[in-house]
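Everything on this sheet refers to the single structure shown next.
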Amino acid sequence: MQSTKLLSTDRIGGLIWVAFGLAVVYGAWAMDRLESLGIPLATAPGVVPGLLGIAFIIFGSILLVRHEPGAGDIPEPAIPASAAAADAVAATAHGDEFDWRRVALSWLLCVTYGGVLLGGGLPYWALTAGFLFLHILLLDETDRVPASPTLRRLVIAALVSPTVATVVMLTFERIFLVRLP
Amino acid sequence: MFDGLVMFGNAVVGYLNPVSLTLAFGATLLGVVAGCMPGLSATLVITLLTTLTLKMQPNQAILVLVCAYNGAIYGGSRTAILLNIPGTAANAAACIDGYQLARQGQAGRAMGIATTGSVVGTLFGLVCLALFTPMLGEVALSFGAFEFFWLALLGVVMSGNVVAADPLKGWLAGFLGLFVAGIGQEGMYAYERFSFGNADLAGGFGLIPVLVGAFGFSEVLTVMSERFARPKIMEFGSPLPRIMDVLKYWRTILRSGVIGVWVGILPGVGEDMAAWSSYATAKRLSKEPEKYGKGSIEGLMAAETGDNASVPGGIIPALALAIPGSAPCAVLLAAMIIHGVQAGPMLMVENPQFVYDVVAMVLFSTIGILFFGLFFIRPLLRIAQVPRSIMMPIIFVLCVIGSYSLSSRLFDVYTMLGFGTLVFIMRRNGYPAAPFVLGLVLGDILDKNLRRGLVLSDGDLLPFFSRPISAVLAVLVLWTFITNVPIIHAAVSRWRDAVVARILPTFRRSS
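Dropping the structure here:
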C-alpha cells in the first residue's frame, strides 16, 4: 500500500520535474546569447541553465518510468541513508504521526505573520507578540487542532509572547541597528 | 611546519581576551543547548547565528559560528542517550547503544563516553585540519577552471548520492540548488537570468534567506507536524569518563577519527554519515559485535568520535577549495563570503593566518565541550524539556527578523517563506535538503568555471576530460551515477563484498 502510494507520488514528482525541465530549457534557449557583443556561444548565459534543464528532464523521466521500488530494483545505498536512519530512530522513539492539520495551521499563522501582515503598518512588537501568543495557544502537545486553550497554556502564552517580542525587538533595533519593518 | 605552529600560537594568544573567550564559550554552550533540543539542527543554529553575527568583526563572527557548530554536533548526544531521540541527525547512530546503556542504568557512563569520543574526535580532526588544509591548498593551486567545475559537480552529485535514501531525488534536489543559484545577474556578463523584469529577482535570491527557509522554516513546519510529549529524563550517575574505557578502545577511537575526518572531507556528505560509517566499521571489526545494539561502549565511542571528527574534516575542503564538506559547512562558507573571507586555494597564499585562526577556534570549542559536557548536564537537560510547541514559533520569529535584517527588505522574508515551504514539501517526498544547499553554494563556482573553461579551450570539451585531475574527477562523477544503475550496482556490491571478506580478517582485532 505504502509503496503504491510512494510510486504514484514519485510519478507525479517525475511529471513536475519533466515539465519544469522543459520550461527551464525553453527559458535558456530563448535567452539572449549576446552574440552582438562577440561572446562565444559556448559561454552564453543560457548554457548552464539549459544543461540543468536537460538534467531535470532526464532524471524526472527516470522517476516517471522506473519500476516500482522493490526487491533488487532500486539499489540500497552502500551505507545506511543517514537522514532516513535518523528519521527511523526518531520515529521509533516518539511514536508520533505526521498531522497535516498541525502543519496547515502552523504554516497559515507563519505566512500570515511574515508574508502578509509584516511591513503592512502594524507595529513590529505588537504583531510579533500577537503571532507568538496565537501560535503557542493554538498548537500545543495535545491531539486537538486547534488546541483547546487551558488556563495554564494561556498564562504561558501571555508571559512568553511579550517577553520574546521585546527581547527580539530591542536586540535587533538597539544592538544590531536594524530598522524594523 | 614551524610557520604553522607559530601562526597557531599567535591565533591562540589572539583569542585569549575576555571578549573572544566569552564569545567562544558562550557560542559553544549555545550550540550544545541547541543540539540537545531535537528539531534544532546544527545547520539551523549556524544559519540563525549568521544573521545575528553580521555586524561583528569577521574573526569574531566565524569564531561564534565554528564554536556553535561543534557544540551542536556534540550536544545532540545527550538526548540520544537519555531519550532515544537524536538531538541532531549526526547523533542518530549514538541512539542505538547510548540509549541501551542508559536503560541499563549506565547513562552517566554513556555520556562520559560520548564526551570523551567527541573531544578526542575533534582534537584528531583539529590536527588534520592544521596539517592537511595547507597541503590541499597547495595542490589546489594547480587547479584550473576545468578542475573546479568537476569538483563543484562532484560535491552536489556525491551529496545527493549519499544523504538521500533515493539518489535520484538527491541529485534532483542538488541540481535544483544549482539552478536557483543561477537566478539573477550571472557573474561573467552581468546578464539577468530568469528575473522576468523583477528588480528584486535581478539581484538573485539571497543565500542566507534561502538557507534560513530551507533549514529554519521547513524545520519549524516539520517539528510542528508532529505531536511531542514532554520528555521524561531518566536518572543518571556521574558523567566523568573512565580512563579504562578510553584505553581499551584506543584503536576504535583512532579509526573512527580517521573515518570521521575522511567522510568530513568528502564534499557534502556530513557528520551523520561519518557517525554511521564509524559505527558500521567498528561493528564489522569488533571482537564483540554481538554487543552492538545492546549497549556497546565501543559502538557509542565510535559513533561520537566519528561525527565530531568530521566537523574539522568538513572545514578542510571548505577552506582549501571553497567546497564545503557538509551542509553546516556550506552555511559556514556562506558566512565567510559575507564577511569578506575568500576561501579557496588562494587562502593559504593571501591569508594563511586565517586557517590557523579556525584551528584555534575549534580548540576553544573543544575545551568548552569538555567543560559543559562534564559539569553542565542537568541544566542542559532542563532546557531540552522546553516544549517544542513553544520553542518553534520563537525560532520562526528569529527566522523572519534574521532574513529581514540582512538588507532590510521584505523580499528576503518572502524568499525565506517560499523556500521554506518548498523544502518542507520536498523533504516530505524524500528529497533531502543538504544537496539543495550544496547546489546553492556551489552554483556560482560551477557556472563560472564551466564557462571559463570553455573560453580557455575555445569551446572544446576535451580539456575537461584530458587533464589528469579533471579526468579523475570526471570518472568519480560518472562512477557515482553509473553505480546506481541496478545491474552495475549489484556487480559492484558482489565485488566489494568479496574484497571485504578477504581483507577483513587482517584488520579484525585479535582477542
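These protein sequence lines are chains V and E, in that order. Residues 714 to 894 in the numbering used here are what the first sequence lists, from first letter to last. Residues 4 to 514 in the numbering used here are what the second sequence lists, from first letter to last. Ideal Cβ positions, reconstructed from N, Cα and C, are used throughout, including at glycine.
- Beta-bridge analysis with DSSP links E/Gly187 to E/Arg196.
- By a beta-carbon distance limit of 8 Å, E/Tyr192 contacts V/Ile752. Their separation comes to about 7 Å.
- Interface residue (Cβ-Cβ distance to chain V less than 8 Å): E/Asp500 is not classified as such.
- Nearest Cα to E/Trp482 within the set E/Val16, E/Asn164, E/Phe149 and E/Thr46: E/Asn164.
- Here the alpha carbons of E/Leu19 and E/Arg430 stand approximately 43 Å from one another.
- Apart from the 5 residues on each side of it in sequence, E/Ala437 sits with its Cβ closer than 7 Å to the Cβ of Ser162, Val166, Gly271, Gly273 and Ala330 in its chain, given in chain order.
- At a cut-off of 4 residues, the continuous stretches assigned as alpha helix (DSSP H) that sit fully inside the stretch 241-324 of chain E are 246-251, 253-268, 274-288 and 300-323.
- Contiguous alpha helix (DSSP H) elements confined to the stretch 44-100 of chain E occur at 45-55 and 61-86, taking only those with 4 or more residues.
- Taking E/Leu144 as the centre and dropping the five residues before and after it, the same chain places the C-beta of Pro348 closer than 6 Å to its C-beta, in chain order.
- Between the C-alpha atoms of E/Phe208 and E/Gly446 there is a straight-line separation of about 12 Å.
- In the structure shown, E/His342 adopts coil according to DSSP, grouped into three states.
- DSSP, reduced to helix, strand and coil, places E/Gly207 outside both helices and strands of the structure shown, so it counts as coil.
- Closest in alpha carbon position to E/Ala93, among E/Glu293, E/Val502 and E/Thr308, is E/Thr308.
- Inclusion of E/Ile485 and E/Gly296 in the CB contact set at 8 Å is not warranted, their separation being larger than that value.
- Taking C-beta separations shorter than 6 Å and ignoring five residues to either side along the sequence, the partners of E/Gly90 in its chain run Gly38, Cys39, Pro41, Gly78, Gly79 and Thr82, following chain order.
- Within the stretch 747-760 of chain V, Leu747, Leu750, Ile752, Pro753, Leu754, Ala755, Thr756, Ala757, Pro758, Gly759 and Val760 place their CB atoms closer than 9 Å to a CB of chain E, listed in sequence order.
- Shown in chain order are the members of the stretch 815-827 of chain V whose Cβ falls below 9 Å from a Cβ of chain E: Arg815, Val816, Leu818, Ser819, Trp820, Leu822, Cys823, Val824, Tyr826 and Gly827.
- Its Cα nearest to that of V/Ile770, the residue E/Leu171 stands out among E/Pro315, E/Leu335 and E/Leu171.
- Taking 8 Å as the upper bound for CB-CB distance, E/Ala321 and E/Tyr282 are not in contact here, some 25 Å apart.
- If you draw a 10 Å sphere on the C-beta of V/Leu883, you find fewer than 16 other C-beta atoms in it, and that means exposed.
- Counting other Cβ atoms within 10 Å of its Cβ, E/Met138 stays below 16 and is therefore classed as exposed.
- In the three-state DSSP reduction, E/Gln356 falls in the helix class (H, G or I).
- Distance between E/Phe28 and E/Thr118, taken at the CA atoms: about 16 Å.
- With the rule of 3 Cβ pairs closer than 8 Å, the stretch 391-408 of chain E counts as touching the stretch 876-891 of chain V.
- In this chain, the alpha helix (DSSP H) harbouring E/Ala14 covers Phe5 to Gly17.
- In the three-state DSSP reduction, E/Asn164 falls in the helix class (H, G or I).
- Proximity to E/Asn311 across E/Lys294, E/Leu324, E/Leu350 and E/Ile262 peaks at E/Ile262, based on C-alpha coordinates.
- Within the stretch 178-189 of chain E, those residues whose Cβ lies closer than 7 Å to any Cβ of chain V are, in chain order, Phe178, Leu181, Phe182, Gly185 and Glu189.
- Taking 8 Å as the upper bound on Cβ-Cβ separation, chain E lies near residues Tyr826, Gly827, Gly828, Leu831, Gly832, Thr841, Phe844, Leu845, His848, Ile849, Leu852 and Asp853 of the stretch 825-853 of chain V.
- If you keep only unbroken beta strand (DSSP E) runs of at least 3 residues inside the stretch 744-772 of chain V, you get nothing at all.
- Interface with chain E (8 Å Cβ-Cβ cutoff): V/Trp730 is included.
- Annotated three-state conformation of E/Gly405 is helix, per DSSP.
- For E/Asp447, the enclosing alpha helix (DSSP H) covers residues Ala436 to Leu459.
- Cβ contact annotation for E/Ala14 (same chain, cutoff 6 Å, sequence separation greater than five): Tyr359, Asp360 and Ala363, in chain order.
- The alpha-carbon of E/Phe197 is positioned some 18 Å away from that of V/Ala768.
- Taking a cut-off of 8 Å on C-beta distances, the stretch 46-59 of chain E touches the stretch 209-225 of chain E, as three or more cross pairs fall below it.
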